[in-house]
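> Residue numbers (my numbering): 491 to 781. For each residue, glycine too, the CB sits at the ideal point set by N, CA and C. Only a predicted model underlies this, so the values are computations on that prediction, with no experimental measurement involved. Before we start, here is the structure in question, set down as structure tokens.
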């Protein structure tokens, strides 16, 4: 059922090792199996019966805020439940993320519309984005985004990132969420799911807000560090919960990959099929050697 000489596993394992290097290579197979099982797609209607929003979450949305979620499995159920509970929001995302999963997003918008809420998709590359955000804030609407949902970009200016500590490595993150928070003095509200018996409950975790006269660059780093600190605590002992292990090498979060060593750690290599031939992939350096 699970193939460990696939690119899916090889890149998952390489990405995982950068942040949890003390995890033995053989353990990666177990984490990978749990990851595949946890992120298996399930019918939305089935999920709605096993998910709920903690009342404290609903009470935290008195003023327009930036609602942040992470890709921790079945994550699209949460916008639907928020809409069911009367939370009105618009969604900020990268255009390429939408285009890559257009069918899924369109289904989600239809589902949200059934509950009387049709959020607007606000694309990060829209030159009028800040004007649109200001207008939506004036209407009392929230912004919703997946904090770890950024894509990579060939546009250098758009893809400027800041490094933060994460587990035992460094993540390179876009500035969008804290920049909007600082510019409009909007709180960033971090929400995380928590198992309560057989029910998965979305709970309030943290509010992040710039303090008076806080320098913007200082706040950008503080906000991102605190936001991802919430994720770090959630997945440190259960890494399979985070979907992004499978594609960190594609969305720009890894930063520049620097050679660590050249094939002198045989345990770091894995055999994968490439062009119908078996090749050796070095999980430390993301390099390939043909046999």
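Any chance you could list the alpha helix (DSSP H) runs of at least 4 consecutive residues sitting entirely within the segment 557-636, in chain order?
Segments of the alpha helix (DSSP H) lying fully in the segment 557-636: 567-574, 585-590, 592-603 and 619-628.
> For residue 772, does the count of other Cβ atoms within 10 angstroms reach 16, so buried, or fall short, so exposed?
So residue 772 ends up on the buried side.
> According to the Cβ coordinates, are residue 496 and residue 769 closer than 8 Å?
no
> How is the alpha helix (DSSP H) around residue 670 delimited, first residue to last?
666-674
> Measure the C-alpha to C-alpha separation of residue 725 and residue 738 and round it to an integer number of angstroms.
When rounded, the distance between both Cα atoms is 15 Å.
> In angstroms with no decimal places, state the Cα-to-Cα distance between residue 779 and residue 710.
Between the C-alpha atoms of residue 779 and residue 710 there is a straight-line separation of about 40 Å.
> Is the Cβ-Cβ distance between residue 757 and residue 568 less than 8 Å?
no
> Hey, does residue 630 have any beta-carbon neighbour from chain B nearer than 8 Å?
Of the protein chains in this structure there is only one, and it is not chain B.
> In chain order, what residues of the same chain have a beta carbon less than 8 Å from the beta carbon of residue 588, not counting five sequence neighbours either side?
595, 611 and 613
> Taking the C-alpha atoms as reference points, what is the distance between residue 623 and residue 663?
Their Cα atoms are separated by approximately 21 Å.
> Out of 659, 678 and 529, point me to the one whose CA is closest to residue 559's CA.
678
> Should residue 713 and residue 667 be called a contact, given that it needs their Cβ atoms to be closer than 8 Å?
yes
> To which residues of the same chain is residue 518 closer than 7 Å at the C-beta, ignoring the five residues directly before and after it?
503 and 506
> If we count the other Cβ atoms within 10 Å of its Cβ and call it buried at 16 or more, is residue 492 buried or exposed?
Classification for residue 492: exposed.
> Looking only at its own chain, which residues have a Cβ that is under 6 Å from the Cβ of residue 499, when we skip the five neighbours before and after it?
522
> Can you tell me whether residue 767 is buried or exposed? The criterion is at least 16 other CB atoms within 10 Å of its CB, across all chains shown.
If you draw a 10 Å sphere on the C-beta of residue 767, you find fewer than 16 other C-beta atoms in it, and that means exposed.
> Go through the segment 523-549 residue by residue and report every complete run of the beta strand (DSSP E) that reaches 3 residues or more, in order.
541-543
> Residues in the same chain with beta-carbon distance under 7 Å from residue 526, minus the five sequence neighbours each way, listed in chain order, please.
492
> For residue 698, which residues in the same chain have their Cβ closer than 6 Å to its Cβ, ignoring the five residues on either side in sequence?
678, 713 and 716
> In this structure, how does DSSP classify residue 702 when only helix, strand and coil are distinguished?
coil
> Quick one: give me the first and last residue of the beta strand (DSSP E) that residue 680 is part of.
678-686
> Within the same chain, show all residues whose beta-carbon is closer than 6 Å to that of residue 721, passing over the 5 residues directly before and after it, in chain order.
560
> For the beta strand (DSSP E) holding residue 764, just list the boundary residues, first then last.
759-764
> Is residue 673 buried or exposed, if buried means 16 or more other CB atoms sit within 10 Å of its CB?
exposed
> Can you tell which of 616, 571 and 665 has the C-alpha that lies nearest to the C-alpha of residue 603?
571
> Please go through the same chain and pick out, in chain order, the residues whose beta-carbon is closer than 8 Å to the beta-carbon of residue 681, but skip the five residues on each side of it.
547, 557, 558, 559, 568, 692, 693, 694 and 695
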